[in-house]
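Numbers 1 to 83, taken from UniProt numbering, label the letters of the sequence shown in order. Here's the structure we're looking at; comments come further down.
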Amino acid sequence: MATFKFEEKDIPYQVGQSIAGALFDSGIYGISHSKQSKKLRGAFCMNGDCCGCYVKVSDVQVLACRTPATKSITVKRGGTGEI
């Protein structure tokens with residue numbers, strides 16, 4: 001099974017699975033930070049409308065629910081307003 005890195009942890013994923021889906025399958029739900037309170041939050045709508053799942057891939061903010069997981073990426077929590 002292929003994996004990607006999320007804050008130093010190897011996360012397994014299925015081909016075609018989103019970053020958010022793979023993180024949820026691994027029991028990681030707090031994937032982004034609230035812009036105002038800085039508290040952790042997860043994806044809500046899973047289709048890109050709520051903007052609740054921003055993560056950083058190669059220092060670029062992307063929506064985890066809309067971005068496919070791939071073997072060579074390193075993902076960090078995002079969403080603190082640096083979009």
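Here a beta-carbon is modelled for each residue, glycine too, at the ideal position from N, C-alpha and C. All figures in this text were calculated on a predicted structure; none of them were measured in a lab.
- Task: Below 8 Å CB to CB, which residues in the same chain sit around ARG77 once its five sequence neighbours on both sides are set aside?
- Result: GLU7, GLY30, ILE31, SER32, HIS33, LEU40, VAL55, LYS56
- Message: If you reduce the DSSP assignment to three classes, tell me which class ASP10 lands in.
- Response: strand
- Leaving out five residues on either side along the sequence, give the residues of the same chain with a beta carbon under 7 Å from the beta carbon of ASN47. CYS65
- First and last residue of the uninterrupted alpha helix (DSSP H) at ALA22: 19-25
- Task: Quick one: using the 10 Å Cβ neighbour count with 16 as the cut-off for buried, is CYS45 buried or exposed?
- Result: exposed
- Query: Buried or exposed: which applies to SER18, given that a residue is buried once 16 or more other Cβ atoms fall within 10 Å of its Cβ?
  - Reply: buried
- Message: Rounded to the nearest angstrom, what separates PHE4 and SER26 at their Cα positions?
- Response: 12 Å
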